[in-house]
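*Asks:* Numbering (my numbering), first residue to last: 2 to 288. From the three backbone atoms N, C-alpha and C, an ideal C-beta is built for every residue, glycine too. Because the structure is a prediction, the values reported are computed rather than measured.
(1) So, using beta-carbon positions, are residue 146 and residue 251 closer together than 8 Å?
(2) Are the Cβ atoms of residue 142 and residue 224 separated by less than 8 Å?
(3) Distance, Cα to Cα, residue 196 vs residue 187?
(4) Could you tell me if residue 221 is buried or exposed, where buried requires 16 or more neighbouring beta carbons within 10 angstroms of its beta carbon?
(5) For the beta strand (DSSP E) containing residue 100, name the first residue and the last one.
(6) Which partner residues of residue 213 appear in the DSSP bridge assignment?
(7) In the DSSP assignment, find the beta strand (DSSP E) that holds residue 133 and state where it starts and stops.
(8) From this set, 111, 236, 217, which residue's C-alpha is nearest residue 144's C-alpha?
(9) Could you check what DSSP says for residue 199 in three-state terms: helix, strand or coil?
(10) Does the distance from the CB of residue 69 to the CB of residue 93 come in under 8 Å?
(11) So residue 148 and residue 130 are in contact, right, with Cβ under 8 Å, and what is the actual spacing, rounded?
(12) Mapping DSSP to helix, strand and coil, what is residue 117?
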């Protein structure tokens, strides 16, 4: 009997210990999850690209007054000439008074005192020069695309060799700078310190490859993520004897090079390699 009692006591103690361990592990997991969420949220947020400026303005203070008692019911500050709008009256005085003012007919005295008129009216009480803080949204950084090593001035627009795709970050704020340009080229990541990234182009399929790119600013944020479709196809001809040439095309909103053919711009698709600029052909149908 004593042996059975001892075994029962040991079983109860083991179960209590197990429950405590599960409770501690669960609490630790919840704490870790909360800290991870806070840490991730803090790191995911970029600083707001905005500033506060002091703006001078003129305040026009209107009073809402009841005709019958000459009582000032409320004050309505506005920053424009002319009487306040019903929205401004509603914000300052409430919807009920605003509706009453809106429905008040003009007061026609006709040799009677103003106190005999019904409803309420607005009266311009003061005009005061003032200043206020205004939040101004600042322009974000951007990235532009150009080609290096391909003048594209030959009649058939053939590059003598595979050019460099140059990505140039631009920071519009005078006291900030681009610290890096990065992205992916056909799925392969790249990272370039500074404001310029030069990528050696490679031969591509006929449909080209996708380039995703953006710029990081010293402000602590990044530009939008831009995309480009780039293509480099061997032409079989060369501006110099014994060499090779390349048809190179780029489709992107950030392209600063020679304008694309109209088809590529409108359809956002490459024309056949080596197609002359006028890629729309007139087709004559005959019966």
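*Replies:* Let me spell this out:
(1) Mapped onto the chain shown, residue 146 falls at position 145. Mapped onto the chain shown, residue 251 falls at position 250. Yes, Cβ-Cβ distance for residue 146 and residue 251 is below 8 Å.
(2) Translated into positions along the chain shown, residue 142 becomes position 141. Translated into positions along the chain shown, residue 224 becomes position 223. Yes; because the gap between Cβ atoms is below 8 Å, this pair is in contact.
(3) Locating residue 196 in the chain shown gives position 195, counting from the first residue. Locating residue 187 in the chain shown gives position 186, counting from the first residue. Their Cα atoms are separated by approximately 21 Å.
(4) For the purposes of this step, residue 221 is taken as residue 220 along the chain shown, with counting starting at 1. Result: exposed.
(5) Along the chain shown, read from residue 1 onward, the residue named residue 100 stands at position 99. Unbroken run through residue 100 is the alpha helix (DSSP H), 96 to 104; no beta strand (DSSP E).
(6) Here residue 213 refers to the residue found at position 212 when the chain shown is read from its first residue. Looking at the DSSP assignment, residue 213 forms a beta bridge with 185, 228.
(7) Here the question's residue 133 lines up with position 132 in the chain shown. Counting along the chain, the beta strand (DSSP E) containing residue 133 begins and ends at 121 to 138.
(8) Position 143 of the chain shown, counting from 1, holds the residue named residue 144. Here the closest residue by C-alpha is 217.
(9) The residue you call residue 199 lines up with position 198 of the chain shown. Residue 199 falls in the strand class under three-state DSSP.
(10) Taking the first residue of the chain shown as position 1, residue 69 is located at position 68. Taking the first residue of the chain shown as position 1, residue 93 is located at position 92. Contact flag unset, no.
(11) By 1-based counting over the chain shown, the position of residue 148 is 147. By 1-based counting over the chain shown, the position of residue 130 is 129. About 55 Å; that fails the 8 Å criterion.
(12) In the chain shown, residue 117 corresponds to position 116, counting from 1. Looking at residue 117 - three-state DSSP - the assignment turns out to be helix.
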